[in-house]
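Just so we're aligned, residue 1 is where the sequence shown starts under UniProt numbering, counting upward by one.
We put the beta carbon where it would ideally sit given N, CA and C, even for glycine.
All values derive from a computational prediction rather than experimental measurement.
Read through the structure below, which is laid out as structure tokens, and then see the notes.
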Amino acid sequence: MTVSTNLPINESESKSKPLKSRVTKVEGSKVIKKRVGLKKESGATVGKKTPKEKLVKFKEAPSKFVTRNNIYLYDEPLIIDGVKSDKIFENALELFTERDPKLIKLIGKCPKPKFLFAGNTERSAFESLVKYVVSQQLSRNAALSIFTKLRTQFGFPLDVLNKEFTENKTLNDNNNHVLNQNDIDFTISPESILGHEPDELRTVGLSSRKAEYVLSLAAYFKSRNLQDKDFLSMTNDEISLKLTKIKGIGQWTIDMFLMFYLSRLDVVPTLDLGVKKAMCRHFNVPYTKKSPTHQELIDLSARWAPYRSIASWYMYSMDAYSG
Numbered sequence: 001m002t003v004s005t006n007l008p009i010n011e012s013e014s015k016s017k018p019l020k021s022r023v024t025k026v027e028g029s030k031v032i033k034k035r036v037g038l039k040k041e042s043g044a045t046v047g048k049k050t051p052k053e054k055l056v057k058f059k060e061a062p063s064k065f066v067t068r069n070n071i072y073l074y075d076e077p078l079i080i081d082g083v084k085s086d087k088i089f090e091n092a093l094e095l096f097t098e099r100d101p102k103l104i105k106l107i108g109k110c111p112k113p114k115f116l117f118a119g120n121t122e123r124s125a126f127e128s129l130v131k132y133v134v135s136q137q138l139s140r141n142a143a144l145s146i147f148t149k150l151r152t153q154f155g156f157p158l159d160v161l162n163k164e165f166t167e168n169k170t171l172n173d174n175n176n177h178v179l180n181q182n183d184i185d186f187t188i189s190p191e192s193i194l195g196h197e198p199d200e201l202r203t204v205g206l207s208s209r210k211a212e213y214v215l216s217l218a219a220y221f222k223s224r225n226l227q228d229k230d231f232l233s234m235t236n237d238e239i240s241l242k243l244t245k246i247k248g249i250g251q252w253t254i255d256m257f258l259m260f261y262l263s264r265l266d267v268v269p270t271l272d273l274g275v276k277k278a279m280c281r282h283f284n285v286p287y288t289k290k291s292p293t294h295q296e297l298i299d300l301s302a303r304w305a306p307y308r309s310i311a312s313w314y315m316y317s318m319d320a321y322s323g
């Protein structure tokens, strides 16, 4: 991948002086910087894209747009497909190279951010928010286990994943077709949740409080007939203002939703403990119970704008890949 695009720092500075032209290559686990225009002995120009370099290759990029309930979700100018995601990533690398060379060293040790290239497995905004309510103050594996059980037990079949199984349907004693739950993809909706009591939701591992939160979220979406498309024209602040009215939905949950479901590019989850500690380590500032504050983290991350979501993803990855 070769980067040669000059970017403004943010939208308000679109007419300001462009960044210095420089090429940043990511090859395997290495980040290589080269000056544009230098000549090799053969006469070839360093930094000029070859036909191979122009091809976008990323094994996890989806072959077509990610659809959720037949709605194409995007946050302009982002659409989750291989070509545009790769271009956004190149632009982010160019800006980070200029603004935060230390981050480039970390990026060279890590894979690409999956939220930008591979999309996600949630089928709706509602389902995504439920996932992050479940994830509050839990490890990733524990949250995933509970969320999977919740979706299977209180959701409805979306499609049958195992085609071979459907072609060889087994019959029970009443000659009815039987499908194993492992062969079916389930999704949840406000309607599928609202038909149950809190005690029923607790059977999959939810706490009493989280069961109430999930029901409150379902009631809010149902009463307002909220759909994925309703979020497309809203700013991050507008979404935060709307969703924080729901019991159990705080800024951390909203930040996760903005980053990993709506794929908003300029989010920094300052309430996430892992991100907070990683930013302290990255910027060499002390971490205490009271500091750094939300505003201090926002100020530190200003150099990453308008790609703070990408930089934040690498903060998540720091412990696993920085050694």
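Exercise for review: Quick one: measure Cβ to Cβ for P240 and Q251, integer angstroms, because I've assumed they're closer than 8 Å.
Suggested key: Taking the first residue of the sequence shown as 1, we reach residue 240 at position 240. Taking the first residue of the sequence shown as 1, we reach residue 251 at position 251. Residue identity check: residue 240 is Ser in the sequence provided, not Pro. Right, the Cβ-Cβ distance comes to about 7 Å (below 8 Å), so this counts as a contact.
**Study point:** Spatial neighbours of M315 in its chain, beta-carbon cut-off 8 Å, leaving aside the 5 residues before and after
**Key:** For the purposes of this step, residue 315 is identified with residue 315 of the sequence shown, where counting begins at 1. Closer than 8 Å at Cβ, skipping near neighbours: G274, V275, A278, M279, H282.
Practice item. Within the same chain, show all residues whose beta-carbon is closer than 7 Å to that of S216, passing over the 5 residues directly before and after it, in chain order. Key: Numbered from 1 along the sequence shown, position 216 holds the residue referred to as residue 216. For S216, where only same-chain residues beyond five positions count, the Cβ hits under 7 Å are I246, K247, G248.
Check your understanding: What distance in whole Å lies between the Cβ atoms of M259 and F115, which are believed to be in contact at a cut-off of 8 Å?
Key -> As a position in the sequence shown, residue 115 is number 115, starting the count at 1. As a position in the sequence shown, residue 259 is number 259, starting the count at 1. That belief holds up - the Cβ atoms of F115 and M259 are roughly 6 Å apart, short of 8 Å.
Check your understanding: What are the boundary residues of the alpha helix (DSSP H) that includes K242?
Key -> Locating residue 242 in the sequence shown gives position 242, where the first residue counts as 1. Note, K242: alpha helix (DSSP H), 236-243.
Practice item. Taking all protein chains shown into account, decide if E238 is buried (16 or more other Cβ within 10 angstroms of its Cβ) or exposed. Key: As a working note, residue 238 is residue 238 in the sequence shown. Classification for E238: exposed.
Point to revise | For P198, the three-state DSSP class (helix, strand or coil) | key: Position 198 of the sequence shown, counted from the first residue, corresponds to residue 198. P198 falls in the helix class under three-state DSSP.
Point to revise | Range covered by the alpha helix (DSSP H) that runs through K277 | key: In the sequence shown, counting from the first residue as 1, residue 277 sits at position 277. Taken as a continuous stretch (DSSP letters only), the alpha helix (DSSP H) holding K277 covers 273-283.
Point to revise | Alpha carbon of L95 to alpha carbon of A305, nearest angstrom | key: The residue given as residue 95 occupies position 95 in the sequence shown. The residue given as residue 305 occupies position 305 in the sequence shown. L95 and A305: Cα-Cα distance of roughly 9 Å.
Review point. Run through DSSP, which three-state label would L297 get?
Key: Looking up residue 297 in the sequence shown gives position 297. The answer is helix: DSSP assigns L297 an H, G or I state.
Point to revise | Cβ shell of D255 (< 6 Å), same chain only, five flanking positions each side left out | key: The residue labelled residue 255 in the question sits at position 255 within the sequence shown. V267, P269, listed in sequence order.
Point to revise | Inter-residue CB distance, residue 328 and F231 (contact presumed, cutoff 8 Å) | key: Only positions 1 to 323 of the chain appear in the structure, and residue 328 is not among them; the question remains open.
Check your understanding: With a CB to CB cut of under 8 Å and the five nearest residues on each side skipped, what residues in its chain are close to L300?
Key -> Taking the first residue of the sequence shown as 1, we reach residue 300 at position 300. Closer than 8 Å at Cβ, skipping near neighbours: M279, F283, V285, P292.
Practice item. Can you give me the start and stop residues for the alpha helix (DSSP H) that Q227 sits inside? Key: Along the sequence shown, read from residue 1 onward, the residue named residue 227 stands at position 227. Counting along the chain, Q227 falls outside any alpha helix (DSSP H), and DSSP gives it neither H nor E.
Practice item. Using 10 angstroms around the beta-carbon of E197, count the other beta-carbons present and answer buried if the total reaches 16, otherwise exposed. Key: For this step, residue 197 is matched to residue 197 along the sequence shown. E197 is exposed by the Cβ-count criterion.
**Study point:** Terminal residues of the alpha helix (DSSP H) in which P286 lies
**Key:** Position 286 of the sequence shown holds residue 286. Segment: none, P286 is in no alpha helix (DSSP H) and carries neither H nor E.
Check your understanding: CA-CA distance, L150 and D272?
Key -> On the sequence shown, residue 150 is found 150 positions in, with the first residue counted as 1. On the sequence shown, residue 272 is found 272 positions in, with the first residue counted as 1. Those two C-alpha atoms are separated by around 24 Å.
Point to revise | Which of helix, strand or coil DSSP assigns to T121 | key: On the sequence shown, position 121 is the one that residue 121 refers to. Residue state, collapsed to three classes: coil.
Exercise for review: Provide the residue(s) that pair with T187 in DSSP beta bridges, ordered along the chain.
Suggested key: The residue given as residue 187 occupies position 187 in the sequence shown. Paired residue(s): F156.
Practice item. State the Cα-Cα distance for the pair A311 and T253, rounded to the nearest angstrom. Key: Start at 1 with the first residue of the sequence shown, and residue 311 comes out as number 311. Start at 1 with the first residue of the sequence shown, and residue 253 comes out as number 253. Roughly 18 Å between the two C-alpha positions.
Point to revise | Reference V204, options P157, Y132, A143, closest by Cα | key: The residue you call residue 204 lines up with position 204 of the sequence shown. The residue with the shortest Cα to Cα distance from V204 is A143.
Exercise for review: Please find out if some non-hydrogen atom of the ligand PLP comes closer than 7 Å to the beta-carbon of A218.
Suggested key: With respect to small molecules bound, the structure shown includes none, and the ligand PLP cannot be examined in it.
**Study point:** Rounded separation between K34 and Y321 - CA only
**Key:** Locating residue 34 in the sequence shown gives position 34, where the first residue counts as 1. Locating residue 321 in the sequence shown gives position 321, where the first residue counts as 1. Its pLDDT being 43, under 50, K34 is placed unreliably in this model, and the value from its coordinates should be taken loosely. Each residue's Cα considered, the two are about 24 Å apart.
Practice item. Enumerate in chain order the residues of its own chain whose CB-to-CB distance from R99 is below 6 Å, with the five nearest sequence positions on each side excluded. Key: In the sequence shown, residue 99 corresponds to position 99, counting from 1. Cβ-Cβ distances below 6 Å link R99 to R303 in the same chain, with the five nearest sequence neighbours on each side left out; the list follows chain order.
**Study point:** Closest by C-alpha distance to T244, when choosing among L129, K222, Y261, G195
**Key:** Position 244 of the sequence shown, counted from the first residue, corresponds to residue 244. Shortest Cα-Cα distance from T244 to any of L129, K222, Y261, G195 involves L129.
Review point. What is the residue span of the alpha helix (DSSP H) that L106 lies within?
Key: Mapped onto the sequence shown, residue 106 falls at position 106. Per DSSP, L106 belongs to the alpha helix (DSSP H) from 101-107.
Review point. What are the boundary residues of the alpha helix (DSSP H) that S312 is part of?
Key: For the purposes of this step, residue 312 is taken as the residue at position 312 of the sequence shown. Boundaries of the alpha helix (DSSP H) harbouring S312: 308-321, taken from the DSSP string.
Review point. If you run the structure through DSSP and keep just helix, strand and coil, what is L206?
Key: Stepping through the sequence shown from its first residue, residue 206 is reached at position 206. If DSSP states are grouped into helix, strand and coil, L206 belongs with coil.
Review point. With respect to the alpha helix (DSSP H) encompassing T253, which residues constitute its N-terminal and C-terminal limits?
Key: The residue labelled residue 253 in the question sits at position 253 within the sequence shown. Looking at the DSSP string, the run of the alpha helix (DSSP H) that includes T253 is 251-260.
**Study point:** Assigned exposure category for W313 - 16 Cβ within 10 Å defines buried
**Key:** For this step, residue 313 is matched to residue 313 along the sequence shown. Taking a 10 Å sphere around the C-beta of W313, we find 16 or more other C-beta atoms and assign the residue as buried.
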